[in-house]
Amino acid sequence: MNVSATAGQAQGERGLAERLGLKAGQVVQEVGWDEDSDEALRQSIEELTGNEMVDEDYEDVVDVVLLWWRDEDGDLFDALSDAMTALADGGQIWLLTPKAGRDGHVEPSDIGEDATTAGLSQTSSVSAARDWSGTRLVAPKARR
Numbered sequence: 074m075n076v077s078a079t080a081g082q083a084q085g086e087r088g089l090a091e092r093l094g095l096k097a098g099q100v101v102q103e104v105g106w107d108e109d110s111d112e113a114l115r116q117s118i119e120e121l122t123g124n125e126m127v128d129e130d131y132e133d134v135v136d137v138v139l140l141w142w143r144d145e146d147g148d149l150f151d152a153l154s155d156a157m158t159a160l161a162d163g164g165q166i167w168l169l170t171p172k173a174g175r176d177g178h179v180e181p182s183d184i185g186e187d188a189t190t191a192g193l194s195q196t197s198s199v200s201a202a203r204d205w206s207g208t209r210l211v212a213p214k215a216r217r
């Protein structure tokens, strides 16, 4: 009985990263980690991609930026602009914000406004973890 519970739990955790559309081999940069960040989601991402997440100091391009963001963290536009500099062509930013009613909740209208101003398109939103919502943001295809 214990084995299946563990297997089911592992599948559930891996499902968190799959919900974000992540794939094996992707390089994920994590920005804005704090003690309130969801550990199950973080483990799920590393398990699914097969890579440890890299931090803000990583100096190569990444496939995905995982941006933990709370209302009191400062200027979202600046954070999104910074996050875009590390993205490979076709990369994406997952903006993770506390769900409504939680400390640090960010209004969806603020996310939309700052993302648009930064030149990003909002493509989907998911319940990323128990206390966190995820908003997928992508840059327009590079002009040729």
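In terms of this note's numbering, the sequence shown opens at residue 74 and continues consecutively. Here a beta-carbon is modelled for each residue, glycine too, at the ideal position from N, C-alpha and C.
Where does residue i sit, in a helix, a strand or coil, going by DSSP?
i           : result
residue 145 : helix
residue 210 : strand
residue 76  : Low local confidence applies: a pLDDT of 39 at residue 76 is under 50, so the model's placement there is unreliable, and no value is given.
residue 168 : strand
residue 177 : coil
residue 162 : strand
residue 202 : strand
residue 91  : helix
residue 186 : helix
residue 120 : helix
residue 36  : There is no way to answer for residue 36, as the model of the chain reaches only from 74 to 217.
residue 156 : helix
residue 81  : Reliability of the predicted coordinates at residue 81 is poor, the pLDDT of 42 falling under 50, and no value is obtained from them.
Please name the residue, chosen from the options, that lies closest to residue i on a Cα-to-Cα basis.
i           : options               : result
residue 171 : 180, 165, 164 and 163 : 180
residue 187 : 123, 204, 127 and 149 : 149
residue 207 : 164, 117, 139 and 161 : 139
residue 129 : 157, 109 and 144      : 157
residue 131 : 123, 155 and 116      : 155
residue 123 : 90, 109 and 192       : 90
residue 174 : 204, 95 and 108       : 204
Considering only the beta carbon of each residue, do residue i and residue j sit closer than 8 Å?
i           : j           : result
residue 190 : residue 211 : no
residue 104 : residue 136 : no
residue 202 : residue 111 : yes
residue 121 : residue 199 : no
Tell me, please, which residues DSSP counts as bridged to residue i.
i           : result
residue 102 : 127 and 138
residue 113 : For residue 113, which the question treats as bridged, DSSP gives no partner whatsoever.
residue 194 : 211
Output yes if chain C places a C-beta closer than 8 Å to the C-beta of residue i; else output no.
i           : result
residue 115 : Included in the structure is just one protein chain, with no chain C present.
So residue i and residue j are in contact, right, with Cβ under 8 Å, and what is the actual spacing, rounded?
i           : j           : result
residue 134 : residue 159 : 6 Å
residue 142 : residue 114 : That pair is no contact at about 14 Å.
residue 177 : residue 144 : 5 Å
Does any heavy atom of the ligand GTP sit closer than 7 Å to the C-beta of residue i?
i          : result
residue 88 : Looking at this structure, you won't find the ligand GTP or any other ligand, since it has none at all.
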